[in-house]
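K.L.:
There are 2 protein chains.
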Amino acid sequence: MRHVRGAVVSEYEHTCLIRGDGGRTLRAVLDRICNKWTLLIVATLDQGNVRFTDLHHQIPGISQRMLTLTLRNLERDGLVSRTVYAEVPPRVEYALTAIGKSLIPPALALAGWAIEHVPHIEASRAAYQDRSR
Amino acid sequence: MRHVRGAVVSEYEHTCLIRGDGGRTLRAVLDRICNKWTLLIVATLDQGNVRFTDLHHQIPGISQRMLTLTLRNLERDGLVSRTVYAEVPPRVEYALTAIGKSLIPPALALAGWAIEHVPHIEASRAAYQDRSR
DNA sequence: CAGTATCCTTAGCGATACTG
DNA sequence: CAGTATCGCTAAGGATACTG
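If you want it as structure tokens, here you go:
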């Protein structure tokens with residue numbers, strides 16, 4: 001319960017965090033986060049410094065192209081740091097920044113919700129299919 | 001704390017919630033949630049029963065088409081209920097189901113993160129732009 | 001009021017091949 | 001090792017017009 005201009009406001013008002021500016025702030029995040037590989041990469045980088053090839057091996061199914069692109073976006077947004085070592089053969093290590101790390105708890109909240117509810121959602125989808133036949 | 005091949009492993013192991021099945025469960029949710037309108041609609045429906053036209057007015061910028069499509073998907077996944085009243089003119093009310101409501105806390109976690117970090121992220125993007133000029 | 005139907009553009013992604 | 005470059009597909013979404 002919260003108070004706004006003296007009135008007691010029920011829980012639903014919290015959702016103004018979501019609807020706030022017409023959803024623009026939330027969407028700014030969703031647009032960066034909700035692509036196919038970002039959260040997987042962030043979760044993988046949570047173990048510390050990781051090299052390009054290690055990421056490639058630890059994330060099944062990702063192509064070099066998408067790994068590079070997603071890492072560039074994460075670097076550009078300041079969630080991931082990229083360190084190049086002047087060696088031969090070249091070595092590049094990626095790591096989460098403080099902001100990158102701070103993304104993990106909310107991501108875990110979503111993952112927890114997923115694990116809890118996805119089975120029911122899939123059942124619901126299947127039932128919906130049957131109805132329209 | 002857990003041990004892997006004799007080494008002590010810290011918190012990062014929590015992220016197996018995300019990486020678990022190669023990220024399939026999490027992606028099943030992200031795929032439904034991360035489109036442009038879903039979370040906005042869910043947040044708007046948190047106020048209770050809402051009619052189609054009310055949703056249309058309360059969500060700035062959404063087209064009839066996308067409102068219908070997104071609502072259908074939410075209904076199909078069991079997050080939203082749809083009630084048709086046999087009246088003239090027609091009346092249709094949408095509401096969150098229990099599962100739909102349960103999505104709000106994780107969504108708020110993400111929205112909170114967004115509000116806290118998006119300014120810094122945008123600054124980082126701008127700086128990145130400048131560097132490549 | 002509460003939708004459908006149609007057309008169209010763009011962004012995301014995969015596959016493949018090549019390189020400093 | 002750590003990437004680029006190019007091509008091609010598909011799905012998301014917007015604009016507009018129509019309807020039981």
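So the protein lines, in turn, are chains A and B. Per the UniProt record's numbering, the very first residue in the first sequence carries number 1; after that it's consecutive. Per the UniProt record's numbering, the very first residue in the second sequence carries number 1; after that it's consecutive. Glycine is no exception: its CB is placed at the ideal position from the N, C-alpha and C atoms. Note that this is a predicted model, so its numbers are computed, not measured.
#1: Does residue 39 of chain A get closer than 8 Å to chain B when you measure Cβ to Cβ?
#2: Give the secondary structure of residue 3 of chain A by DSSP, where H, G and I count as helix, E and B as strand, and everything else as coil.
#3: When you compare the CB of residue 95 of chain B with every CB in chain A, is at least one pair closer than 8 Å?
#4: With a 10 Å radius around its C-beta and 16 neighbouring C-beta atoms as the bar for buried, classify residue 117 of chain A as buried or exposed.
#5: Give me the Cα-Cα distance between residue 104 of chain A and residue 92 of chain A, rounded to the nearest whole angstrom.
#6: Taking contact to mean 3 or more Cβ pairs, one atom from each stretch, closer than 8 Å, check whether the segment 13-28 of chain B and the segment 107-126 of chain A are in contact.
#7: Residues of chain A with CB under 7 Å from residue 54 of chain B, in chain order?
#8: Buried or exposed: residue 88 of chain B, going by 16 or more other Cβ atoms within 10 Å of its Cβ?
#9: In the segment 63-91 of chain B, which residues sit with their C-beta less than 8 Å from some C-beta in chain A, listed in chain order?
#10: Check whether chain B comes within 8 Å of residue 50 of chain A, counting only Cβ atoms and requiring the distance to be less than that.
P.N.:
Straight from the coordinates:
#1: Yes, residue 39 of chain A lies at the interface with chain B (some Cβ there is under 8 Å from its Cβ).
#2: Any reading at residue 3 of chain A needs caution, since the residue's pLDDT is 47, under 50, leaving its predicted position unreliable; the model's value is listed next. In the three-state reduction of the DSSP assignment, residue 3 of chain A falls in the strand class, which pools E and B.
#3: Taking Cβ atoms only, chain A never reaches closer than 8 Å to residue 95 of chain B, which makes this a no.
#4: Flag for residue 117 of chain A reads buried.
#5: Those two C-alpha atoms are separated by around 23 Å.
#6: Contact holds: three or more Cβ-Cβ distances are below 8 Å.
#7: Contact of residue 54 of chain B with chain A by beta-carbon distance below 7 Å is absent, the smallest such distance being about 14 Å.
#8: Taking all protein chains in view, the Cβ of residue 88 of chain B is surrounded by fewer than 16 other Cβ atoms within 10 Å, so the residue is classified as exposed.
#9: Within the segment 63-91 of chain B, the qualifying residues are 75, 76, 77, 78, 79.
#10: Judged by the 8 Å Cβ criterion, residue 50 of chain A is not in contact with chain B.
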